[in-house]
Amino acid sequence: MEDRKKVEMIKNKYPVGTRIKLNYMQDDYAVPSGMTGTVDYVDDEGQIGMKWDNGRTLSLIYGVDSFNIINENQKAVFNTKIASDMNHNGEIVEILSFEKGKDIYSDRYKIKFNDGTIKDNIMSNELNFNYHKNKDERSR
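Quick note: the working numbering has the sequence shown finishing at residue 1154, numbered continuously throughout.
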């Protein structure tokens, strides 16, 4: 049947262990755009079971959600807007570790800045994949 062929195609294209970056998820409880994760399974309906890097486990729906495979040499990076460290605002950083909070707004991250500085206890709202520092914005 056509549906079985589609599910097999999805399983072949996104095998267990594939790294994914989310562009957009059509779900009331969606993980944030730009989040990365690892394929855990593909079910018989073709939904892609994910272990997201922020600790969540929400599945992707092929053809509905927008996402890309991450090259294995790529690292998950986010732009920052960190009030406590204005020198690093707008900088693309590497996520080193994650600690799940009571909800998605209180998740904590350990990050590495471009100059090699490492800081932990960074809140999820201080990391934003689509954040862009205005060219005329000054550090305070």
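Glycine is no exception: its CB is placed at the ideal position from the N, C-alpha and C atoms.
Please read these numbers as outputs of a predicted model, since none were measured by experiment.
Quick check: what's the CA-CA separation for Tyr1055 versus Gly1104?
Taking the first residue of the sequence shown as 1, we reach residue 1055 at position 41. Taking the first residue of the sequence shown as 1, we reach residue 1104 at position 90. Each residue's alpha carbon lies about 35 Å from the other.
By alpha-carbon positions, which one of Lys1116, Val1053 and Thr1094 ends up nearest to Lys1124?
Here residue 1124 is taken as the residue at index 110 of the sequence shown, counted from 1. The option with the nearest alpha carbon to Lys1124 is Thr1094.
With respect to the beta strand (DSSP E) encompassing Gly1051, which residues constitute its N-terminal and C-terminal limits?
In the sequence shown, the residue the question calls residue 1051 occupies position 37. It spans Thr1050 to Val1056 - the beta strand (DSSP E) in which Gly1051 sits, taken as one unbroken run.
For Asp1042, which option in Ile1062, Leu1072 and Val1021 has the closest C-alpha, if you only look at C-alpha atoms?
If you number the sequence shown from 1, residue 1042 lands on position 28. The shortest C-alpha separation from Asp1042 is found at Leu1072.
Buried or exposed: Asn1101, going by 16 or more other Cβ atoms within 10 Å of its Cβ?
As a position in the sequence shown, residue 1101 is number 87, starting the count at 1. The residue is exposed, with fewer than 16 neighbouring Cβ atoms inside 10 Å.
Please say whether Asn1037 and Asn1085 have beta carbons closer to each other than 9 Å?
In the sequence shown, the residue the question calls residue 1085 occupies position 71. In the sequence shown, the residue the question calls residue 1037 occupies position 23. No.
Could you pull out every residue in the same chain whose Cβ sits closer than 7 Å to the Cβ of Ile1075, ignoring the five residues on either side in sequence?
If you number the sequence shown from 1, residue 1075 lands on position 61. The answer, listed in chain order, is Gln1061.
Going by C-alpha distance, which of Asp1057, Asn1128 and Asp1129 is nearest Glu1022?
Numbered from its first residue, the sequence shown carries residue 1022 at position 8. The shortest Cα separation from Glu1022 among Asp1057, Asn1128 and Asp1129 belongs to Asp1057.
Local conformation of Asn1085 per DSSP, three classes
By one-based count along the sequence shown, residue 1085 stands at place 71. Asn1085 falls in the coil class under three-state DSSP.
Give the DSSP-derived three-state secondary structure of Lys1133 in the structure shown.
Mapped onto the sequence shown, residue 1133 falls at position 119. DSSP places Lys1133 in strand when its eight states are reduced to three.
Give every residue of the same chain whose Cβ lies closer than 7 Å to the Cβ of Ile1096, excluding the five residues on either side of it in the sequence, and list them in chain order.
Your numbering for residue 1096 matches position 82 in the sequence shown. Result list for Ile1096: His1102, Asn1103, Ile1136 and Glu1140, in chain order.
Endpoints, the beta strand (DSSP E) within which Gly1063 is located:
One-based indexing of the sequence shown puts residue 1063 at position 49. Counting along the chain, the beta strand (DSSP E) containing Gly1063 begins and ends at Gln1061 to Trp1066.
Between the C-alpha atoms of Ser1120 and Lys1025, what's the straight-line distance to the nearest angstrom?
On the sequence shown, position 106 is the one that residue 1120 refers to. On the sequence shown, position 11 is the one that residue 1025 refers to. Cα-Cα distance, rounded: 34 Å.
Use the C-beta contact count for Asp1079: other C-beta atoms within 10 angstroms, 16 or more gives buried, fewer gives exposed.
On the sequence shown, residue 1079 is found 65 positions in, with the first residue counted as 1. Answer is buried; the Cβ neighbour count reaches 16.
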